[in-house]
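In UniProt numbering, the protein residues as written are 1 to 317. Think of the CB as a built atom: it goes at the ideal place given N, C-alpha and C, for glycine as much as any other residue.
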Amino acid sequence: MELRQLRYFVRVVELGSMSRAALDLEVVQSALSQQITRLEGELSTRLLHRTPRGVSPTEAGAAFFREAQLTLRHADQAVRAAQQARLSGSVTIGLAPTTSGALGLPLMQAMRARYPDVRLHMVEGMSGHLTAMLNARELDVAVLFDTRLHQVQQTAGARHWAMFPLLEEDLFLVRRSAAGDLAPQVALADLAQEPLILPTGPHGLRSTLDTAFASAGIAPRVVLEVDSLAMVMAAVDAGLGSTLQPWAALGRYPDAATRFRCAQLTGVPVRRVNLLCSLPDEELSPAALAARLVLADCARTLVTSGRWPGTAWIGRP
């Protein structure tokens, strides 16, 4: 027995006509009649008297009609309760400093608008730190960059994650303005003597750059290793060296156009892949599953609208 059959039967009795009920329900009359006949077969009793002037319930049909109305009301109440219930709980999301500069606020605003009862815990950290936190189950969702993660989803000592590509970012050579003008583009092969300030090996950006330099047969000249975007940019601003970063690294500097000079890296493909990583679906709460979808939606909107410069969307349509 299906709710659809109950709805059909109740409407037929209310209107006293198969044809009028079929029009009201927007179904073919023969299909409606077939469903009523099937219902009577399941109940092993006649529910309707059929006459040339219409239909009327039998004694069994009248009793069934009252209970069917009650069942349908309860079903409608259940649907309304489900629709009105607001998702609650908590979710912890990890973003790297460059990512949070572009995505952090839009994500928080979207979660507040869609799921106001979900408590969001945002963690900003370098990609390597976020990787360790995700492995330790201290994060539900994170955006990570390590190119090795893009090749394999499970490394020695790491637990399985759910992982989806989100977007790719162009990388730029960034110097302070006082160092002089830069051409719009610079080849990776021309950076062999460039004094570079970079994060250390465990982090996603460094992994991407090490892979690119190795492919180009270049040993980069790293003069400082700093695991803080704010300190990296401060060191560049102070003239201690240059850095290689996505465009989003400049997002927190309103005067970036006058403070820094940038040149897009060319030659050996140098793009940072952003991966949406999370605990496996079976380990995620409904709140975390919802937050993961909202994060992907926000990132796609920022990229496709041009509000996240230097990026290309590679995630799901």
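CB of residue i within 8 Å of CB of residue j, strictly
i, j, result
"SER90", "VAL118", "yes"
"PHE145", "LEU107", "no"
"VAL270", "LEU173", "no"
"ARG7", "LEU72", "yes"
"PHE9", "LEU39", "yes"
"ASN274", "GLU169", "yes"
"THR98", "ALA248", "yes"
Of the residues the options, the one placed nearest residue i, counting alpha carbons only
i, options, result
"GLY101", "PRO246, GLU282, VAL273 and ARG300", "PRO246"
"GLU194", "HIS203, PHE213 and PRO202", "PHE213"
"LEU171", "HIS160, PHE164, ALA178 and PRO184", "PRO184"
"MET163", "ASP140, GLU124 and HIS203", "ASP140"
"VAL222", "THR208, THR211, THR243 and GLY306", "THR243"
"ALA178", "ARG259, MET18, SER30 and GLU282", "ARG259"
"PRO52", "PRO286, SER19 and ALA256", "SER19"
"GLN29", "GLY217, GLY41 and ARG11", "ARG11"
"VAL236", "GLY41, ALA288, GLY217 and ARG261", "ARG261"
"LEU43", "ASP190, GLY94, PRO317 and MET1", "MET1"
"ARG316", "ASP255, GLY310, LEU293 and TRP308", "LEU293"
Separation of residue j from residue i, as counted between CA atoms
i, j, result
"residue 332", "GLY180", "In the structure displayed, the chain extends from 1 to 317; residue 332 sits before or after that span and is not available."
"SER215", "ARG80", "59 Å"
"GLY61", "LEU295", "53 Å"
"GLN35", "GLU59", "20 Å"
"LEU240", "LEU229", "14 Å"
"ARG112", "LEU47", "51 Å"
"VAL303", "LEU120", "23 Å"
"THR211", "ALA192", "15 Å"
"VAL27", "ARG86", "34 Å"
"GLY16", "TRP161", "58 Å"
"ASN135", "ALA290", "21 Å"
"ALA263", "GLU282", "44 Å"
"ALA142", "CYS277", "5 Å"
"PRO280", "HIS129", "19 Å"
"ALA63", "HIS49", "14 Å"
"VAL226", "GLN77", "58 Å"
"ARG175", "ILE93", "31 Å"
Residue i, buried or exposed, once every other Cβ within 10 Å from all chains shown has been counted against 16
i, result
"ALA312", "exposed"
"MET231", "exposed"
"HIS203", "buried"
"SER207", "buried"
"THR200", "exposed"
"GLU67", "exposed"
"LEU167", "buried"
"ALA238", "exposed"
"MET126", "buried"
Residue range of the beta strand (DSSP E) that includes residue i
i, result
"THR45", "Where THR45 is concerned, there is no enclosing beta strand (DSSP E), given that its DSSP letter is neither H nor E."
"HIS129", "Premise fails: HIS129 lies in the alpha helix (DSSP H), 127-135, not in any beta strand (DSSP E)."
"GLY204", "GLY204 -> not in any beta strand (DSSP E); alpha helix (DSSP H) instead, spanning 204-216."
"PRO246", "243-246"
"LEU224", "222-225"
Endpoints, alpha helix (DSSP H) assigned at residue i
i, result
"LEU250", "It is not in any alpha helix (DSSP H) - LEU250 carries neither H nor E in the DSSP assignment."
"PHE9", "3-15"
"GLN264", "GLN264 -> not in any alpha helix (DSSP H); beta strand (DSSP E) instead, spanning 260-266."
"PRO280", "Taken as a continuous stretch (DSSP letters only), PRO280 belongs to no alpha helix (DSSP H), as it is neither H nor E."
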